[in-house]
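*Asks:* Letter 13 of the sequence shown, counting from 1, is numbered 59 in this note's numbering, and no numbers are missing.
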Amino acid sequence: MSSNTNDNSERSKKKFLALGDSYTIGESVEINERWPVRLIKQLNEKNIQISDLKIVATTGWTTSELAAKITEEIFEPPYDLVTLLIGVNNQYRGEDKNKYRSELTDLIYQAIDFSGGIRSNVLVISIPDWSNTPFADNKNRAEIATEIDIYNKINLEQCDLLEVKFMDITPISRKAKQDPTLIAEDGLHPSGKMYEQWVQLMFPIVEKILSD
């Protein structure tokens with residue numbers, strides 16, 4: 047009886063894989079302010095236990111760099127939730143958008159594989175707009191915002207095509223124009239306050255994924 051209880055307890059615990067770049071690793075904020083960590087805290091409060099969080103993300107990564115790192119990592123699928131937030135560095139470097147679409151598609155397929163083939167467990171998160179940050183002071187803000195919209199349109203199109211979920215946090219990032227406290231001290235990345243708003247938006251989606 048004790049053994050069965052333990053087995054049921056283990057099955058009730060969920061595994062979370064977060065793939066991305068600086069926005070997922072939480073550049074310039076404390077570990078407990080990263081959005082994946084904040085999300086887990088809120089899930090735990092709803093008695094949804096995450097037993098394993100794996101983050102594969104580094105500041106500066108493009109789609110190709112994330113894909114290369116994935117080949118070097120050790121994974122233990124299936125994951126009950128797989129998130130993907132990538133693309134801002136492709137935009138910043140001015141990379142070819144068709145190349146981005148192709149590499150993004152490959153990453154989404156990889157995310158589906160990590161979920162055990164359950165497409166509804168994959169959540170792609172839109173690229174934040176950094177045009178309203180101090181880092182963009184001497185840059186063409188309107189052009190940056192337009193580019194971000196183009197990349198996010200690609201994201202949405204590929205999510206629709208591959209039947210995975212898409213969540214648009216870009217409007218939250220644009221609030222930084224009126225509220226500078228949404229930006230971290232480095233003048234570029236989101237603050238813990240912004241990440242908290244992301245979590246509030248994504249929580250109902252994630253709660254449903256992990257409860258189904």
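Heads up, the beta-carbon is just placed ideally off N, CA and C, and yes, glycines get one too.
These numbers were taken from a predicted model, which means no experiment stands behind them.
#1: Can you name, in chain order, every residue of its own chain whose Cβ lies under 7 Å from the Cβ of Glu193, other than the five neighbours on each side?
#2: Closest to Ile215 by CA distance: which of Ile86, Asn201, Val75, Pro174 is it?
#3: Apart from the five residues on each side of it in sequence, which residues of its chain come closer than 8 Å, Cβ to Cβ, to Met213?
#4: State the Cα-Cα distance for the pair Ser219 and Glu118, rounded to the nearest angstrom.
#5: Over what stretch of residues does the alpha helix (DSSP H) that includes Lys92 continue unbroken?
#6: Note down the Cα distance separating Val210 from Ala182, rounded to an integer number of angstroms.
#7: Under the DSSP definition of a beta bridge, which residues are partnered with Phe121?
#8: Which class does Lys59 belong to by DSSP, given the choice of helix, strand or coil?
#9: What separation, rounded to the nearest whole angstrom, lies between the Cα atoms of Arg139 and Thr227?
#10: Helix, strand or coil: how does DSSP classify Pro174 here?
#11: In chain order, what residues of the same chain have a beta carbon less than 7 Å from the beta carbon of Thr109, not counting five sequence neighbours either side?
#12: Check Ala188 in the structure and name its three-state DSSP category.
*Replies:* Per the coordinate set shown:
#1: Around Glu193: Gln137.
#2: When only C-alpha atoms are compared, the closest one is Pro174.
#3: Cβ within range, chain order: Leu169, Val170, Ile171, Ser172, Leu247, Met248, Ile251.
#4: Distance between the alpha carbons of Ser219 and Glu118 is about 32 Å.
#5: Boundaries cannot be given for Lys92, as no alpha helix (DSSP H) includes it and DSSP labels it neither H nor E.
#6: Rounded to whole angstroms, Val210 and Ala182 show a C-alpha spacing of 32 Å.
#7: DSSP, once it has assigned bridges, lists no residue as partnering Phe121.
#8: It is coil, neither helix nor strand.
#9: Roughly 27 Å between the two C-alpha positions.
#10: Coil at Pro174, not helix or strand.
#11: Scanning its chain for C-beta atoms nearer than 7 Å, with the 5 sequence neighbours on each side dropped, one finds around Thr109 the residues Ile132, Gly133, Asn136, Tyr146, Glu149, Leu150, Leu153, in chain order.
#12: Three-state result, Ala188: helix.
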